[in-house]
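Protein chains in written order, with the working numbering: chain D, 1 to 391; chain G, 392 to 782.
Protein chains: 2
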Amino acid sequence: MGCIFEVTASALDAGARAGNLLTMHGSVPTPAFMPVGTQGTVKSLTPEDLECAGTCVVLANTYHLYLRPGIDIIEHMGGLHRFMAWNGPILTDSGGFQVFSLAGLRRVSDEGVLFSSHIDGGDHFFTPESAIAYQERLGSDIAMVLDVCHAHDLDAAGAKKAMDLTHRWAARCLQAHQRSEQALFGIVQGGTNIEFRLESAHFLASQGFQGYAIGGLSVGEPKETTWNVLEATLPALPCDSPRYLMGVGAPDDIVRSVALGVDLFDSVLPTRVARHGAVYTTGGRLNLRNAQYERCEEPIDRECDCYTCRTFTTAYMHHLFRCEELLAYRLATIHNVRFMVRLMSGIRQAILGGRFADYQAEFLGRYKPPDEQARLEQKRKWSAARHAPGG
Amino acid sequence: MGCIFEVTASALDAGARAGNLLTMHGSVPTPAFMPVGTQGTVKSLTPEDLECAGTCVVLANTYHLYLRPGIDIIEHMGGLHRFMAWNGPILTDSGGFQVFSLAGLRRVSDEGVLFSSHIDGGDHFFTPESAIAYQERLGSDIAMVLDVCHAHDLDAAGAKKAMDLTHRWAARCLQAHQRSEQALFGIVQGGTNIEFRLESAHFLASQGFQGYAIGGLSVGEPKETTWNVLEATLPALPCDSPRYLMGVGAPDDIVRSVALGVDLFDSVLPTRVARHGAVYTTGGRLNLRNAQYERCEEPIDRECDCYTCRTFTTAYMHHLFRCEELLAYRLATIHNVRFMVRLMSGIRQAILGGRFADYQAEFLGRYKPPDEQARLEQKRKWSAARHAPGG
Chain D
1 MGCIFEVTAS ALDAGARAGN LLTMHGSVPT PAFMPVGTQG TVKSLTPEDL
51 ECAGTCVVLA NTYHLYLRPG IDIIEHMGGL HRFMAWNGPI LTDSGGFQVF
101 SLAGLRRVSD EGVLFSSHID GGDHFFTPES AIAYQERLGS DIAMVLDVCH
151 AHDLDAAGAK KAMDLTHRWA ARCLQAHQRS EQALFGIVQG GTNIEFRLES
201 AHFLASQGFQ GYAIGGLSVG EPKETTWNVL EATLPALPCD SPRYLMGVGA
251 PDDIVRSVAL GVDLFDSVLP TRVARHGAVY TTGGRLNLRN AQYERCEEPI
301 DRECDCYTCR TFTTAYMHHL FRCEELLAYR LATIHNVRFM VRLMSGIRQA
351 ILGGRFADYQ AEFLGRYKPP DEQARLEQKR KWSAARHAPG G
Chain G
392 MGCIFEVTAS ALDAGARAGN LLTMHGSVPT PAFMPVGTQG TVKSLTPEDL
442 ECAGTCVVLA NTYHLYLRPG IDIIEHMGGL HRFMAWNGPI LTDSGGFQVF
492 SLAGLRRVSD EGVLFSSHID GGDHFFTPES AIAYQERLGS DIAMVLDVCH
542 AHDLDAAGAK KAMDLTHRWA ARCLQAHQRS EQALFGIVQG GTNIEFRLES
592 AHFLASQGFQ GYAIGGLSVG EPKETTWNVL EATLPALPCD SPRYLMGVGA
642 PDDIVRSVAL GVDLFDSVLP TRVARHGAVY TTGGRLNLRN AQYERCEEPI
692 DRECDCYTCR TFTTAYMHHL FRCEELLAYR LATIHNVRFM VRLMSGIRQA
742 ILGGRFADYQ AEFLGRYKPP DEQARLEQKR KWSAARHAPG G
């Protein structure tokens, strides 16, 4: 039965929903954010750190684990949960996104995708069937179909072609999928074209997946486009299934997306920016490298109950980042992961209490997002750094 | 009263002693190993990690903290204990060793030492008086005198001259030292010349320090020389004071040194090699990067009770190192620090039980040290990498 999803409450004056996603490794209260454990580890954190931060579910990447240590080894070690010592739910990405963004793309055919490893350049071939088999052998709780990803500014004909292939692959994935204790989610594609997006949502819904992801957003397009596509697509998805917006992780974007009816999120953003010294507060992002924190006797956020904020001053965090001490990366990551858990929990309580619209207005009034131009520039820079595995 | 030291037991058939070193921030059962927290953090570990591993005392470096974040800032933040959130005893090195090894040495005069920062090349001047004042402002439990360090192969005249200056500086440090709650240790120098070493031990003992360190050993000289110097020097030091062998941290060297009467040790070795994938077991060092561990379902050491060994397989550790995941460095460090704590505890129990000679024979029979040639080569390489702050 893979997973069971139930919507507990919907916000009265908005599309937001609170629910529960039950998997073989536990239950995930939604809306939920999934920290990214690309290579079988959420960078710098132990499973204990994740639990202390209140994390319920993590994401891992089939592409990376296939290359290192190899599916075979993880299977030999008793599956991904045992290998990484994480007993909670795991969602595995199929590798689609990484093959099209990180690897050297060699050839896409109806059969599958030929790519070269970003590690050693070696050739590998993924098919919808093999992507499913790998995820079954990893033993994740939720598997994703193999999809065709492309740049946001691909022309309409190209976007249509990629979507049609994504649909044929989705049907093959569903056909190939055998492990009943693992859920399988479809992925809506269609670029920035709303007509395609609706077609994709309807096609996938007709196939009967256990959840639906929206892929190909937050890949460099203007934010207004993201919202337009999302707003048009979500109502076309079954309302009794979980809806997962892939790759979105900025706090303000999450609040806005929840308002449109999204249940699940993942992104490397909170953990990646932490390693660059950027930490979240309800007022926005702070950069701990900034000299203004040199003598700051306060914790990063007085409202935060994470280990970092309970234990250390911002001056100490500034010192660790300035000296590039390893401890800096973990402590900032712990803070950001805890921030995301508290954010999702606050959102959920607001929905359950029927006051999400107020929550949203208050949150967005207080949270100062980074400059839009800086955001796109950063996105571009990171996309160019193809060899850095995410997380 | 700085610190109080009491010898609890001496091994019947060897020079080993078990004792207790009482400081304002708690008691240290000896023999003890001090992990190095150069820049106010034992690299990759939190104070919680150190406590979980059973660490009682850490070392921090005045030289590094003086340069970053600066003595002024740490004093403003309430002292080093509060700054790094470590409530146990802290020993601070005076900066002598770093000034002579890490910084660009400019000029040594009777007055003090002029050096240039390894970070930005800026000029700085340390005197015996300022080195004491800095350590008093840091608020460490044990301060060290400023000493003159030199290469092990300096000629006799040079070694004598450095020792004489070390003695004059030691007397000035004692004179300048004011904080009665902080202990002050002298440092025996004299190179590889046993006559000088004895002269140095007698001179320092005559001054009445609260503890005595042996400096200038394990700096590249052959091991046999180390043992000869140590064996000759230790009996010349007061037997009711703690004896601290600076910079020695290899497990087999520690066991041998305890047999000669050493109470305290510090070294970057266990934490530094951990970050290179080398982990201790009672059989010797393993390198986790080795392909033989790819499918190893065992923990690093079945006898170990550290978080790493209780939670992860060696195959997972191998994967983390192969992928250069941040988590690798912390998990291996936790293991090695716990190994050192268990080693020192085992040594102490053996002394208290009157069976240290047997313990030593058994440990050395089982523990396979790295090849001596490889050891010296590694030492040379690390000494050459002057810009890397230790830990």
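Backbone N, C-alpha and C fix where the C-beta goes; we use that ideal spot for every residue, glycine too.
Just so we're clear, the structure is a prediction, and the values are computed from it rather than from any experiment.
* Under a Cβ-count criterion, where at least 16 other Cβ atoms within 10 Å of its own Cβ denotes burial, should residue 613 of chain G be classed as buried or exposed? -> exposed
* Asked: In chain order, what residues of the same chain have a beta carbon less than 7 Å from the beta carbon of residue 587 of chain G, not counting five sequence neighbours either side?
  -> 550, 551, 554 and 581
* Beta-carbon neighbours of residue 464 of chain G, restricted to chain D and to distances below 9 Å -> 294, 295, 315 and 319
* Tell me whether the beta-carbon of residue 33 of chain D lies closer than 9 Å to the beta-carbon of residue 266 of chain D. => yes
* **residue 681 of chain G versus G:708, G:700 and G:689, residue with shortest Cα-Cα distance** => G:708
* Please list the partners that residue 632 of chain G has in chain D, where partner means a Cβ-to-Cβ separation under 9 Å. => Going along chain D, no residue has its Cβ under 9 Å from residue 632 of chain G, so there is no contact; the nearest lies around 34 Å.
* **Residue range of the unbroken beta strand (DSSP E) whose run includes residue 517 of chain G** => 514-517
* To do: Starting from the Cα of residue 416 of chain G, find the closest Cα among G:469, G:446, G:442 and G:480 and give me that residue.
  => G:480
* To do: Taking 8 Å as the threshold, find out whether the stretch 366-373 of chain D comes into contact with the stretch 336-356 of chain D through three or more Cβ pairs.
  => no
* Would you say residue 493 of chain G faces chain A, with C-beta separation under 9 Å as the test? -> Within the model displayed, chain A is absent; protein chains D and G are what it includes.
* To do: Look at the alpha carbon of residue 367 of chain D and the alpha carbon of residue 257 of chain D, and state the distance between them as a whole number of angstroms.
  => 15 Å
* Under 8 Å between beta-carbons, which chain D residues line up against residue 489 of chain G? List them in chain order, please. => Here the premise fails: no neighbours, minimum Cβ distance about 14 Å.
* Of all the options G:608, G:634, G:618 and G:624, which has the alpha carbon lying nearest to the alpha carbon of residue 600 of chain G? -> G:634
* Excluding five sequence neighbours on each side, which residues of the same chain lie with their C-beta closer than 7 Å to the C-beta of residue 81 of chain D? -> 25, 87, 90 and 139
* Asked: Would residue 398 of chain D be called buried (16 or more neighbouring beta carbons within 10 Å of its own) or exposed?
  -> Residue 398 of chain D is absent from the model: chain D starts at 1 and stops at 391.
* What are the boundary residues of the beta strand (DSSP E) that residue 113 of chain D is part of? -> 113-116
* **C-alpha gap between residue 778 of chain G and residue 507 of chain G, whole angstroms** => Its pLDDT being 45, under 50, residue 778 of chain G is placed unreliably by the model, and the measurement read from it follows with that caveat. Those two C-alpha atoms are separated by around 12 Å.
* For residue 17 of chain D and chain G, any beta-carbon pair shorter than 9 Å? -> no
* Using only alpha-carbon positions, find the residue among D:224, D:55, D:75 and D:136 that is nearest to residue 2 of chain D. => D:136
* Could you name each continuous alpha helix (DSSP H) segment of 4 residues or more that falls completely within the stretch 31-91 of chain D, going from the start of the chain to the end? => 47-53, 62-67, 71-76 and 80-84
* Could you spell out where the beta strand (DSSP E) holding residue 396 of chain G opens and where it closes? => 395-401
* Whether residue 659 of chain G touches residue 427 of chain G by CB criterion (9 Å) -> yes
* **Assigned exposure category for residue 630 of chain G - 16 Cβ within 10 Å defines buried** => exposed
* Asked: Given residue 199 of chain D, which residues of its chain have a CB within under 8 Å of its CB, disregarding the five upstream and five downstream residues?
  -> 163 and 190
* To do: Pair every Cβ in the stretch 440-454 of chain G with every Cβ in the stretch 289-303 of chain D, then say whether three or more of these pairs are closer than 8 Å.
  => no
* For my contact list, residue 604 of chain G and residue 637 of chain G are in at a C-beta cut-off of 8 Å; report their separation, rounded to the angstrom. => 5 Å
* What residues in the stretch 29-44 of chain D bring their beta carbon closer than 8 Å to a beta carbon of chain G? -> 39, 40, 41, 43 and 44
* Asked: Is the stretch 395-404 of chain G touching the stretch 733-748 of chain G, taking contact as three or more C-beta pairs under 8 Å?
  -> yes
* In this structure, does DSSP put residue 155 of chain D in helix, strand or coil? -> coil
* **Three-state secondary structure assigned by DSSP to residue 678 of chain G** => strand
* Interface residues of chain G around residue 330 of chain D at Cβ under 9 Å? -> 435, 437, 717, 718 and 721
* To do: Assess, as a yes-or-no matter, whether the stretch 429-437 of chain G is touched by the stretch 311-331 of chain D under the definition of 3 or more beta carbon pairs within less than 8 Å.
  => yes
* Look at residue 145 of chain D and residue 170 of chain D and say whether their C-beta atoms are less than 9 Å apart. => yes
* To do: With 9 Å as the threshold, decide whether the Cβ of residue 203 of chain D is near any Cβ in chain G.
  => no
* To do: Enumerate, from N- to C-terminal direction, the unbroken beta strand (DSSP E) stretches of 3 or more residues contained entirely within the stretch 126-200 of chain D.
  => 142-144 and 183-188
* Asked: What residues in the stretch 151-169 of chain D bring their beta carbon closer than 7 Å to a beta carbon of chain G?
  -> none
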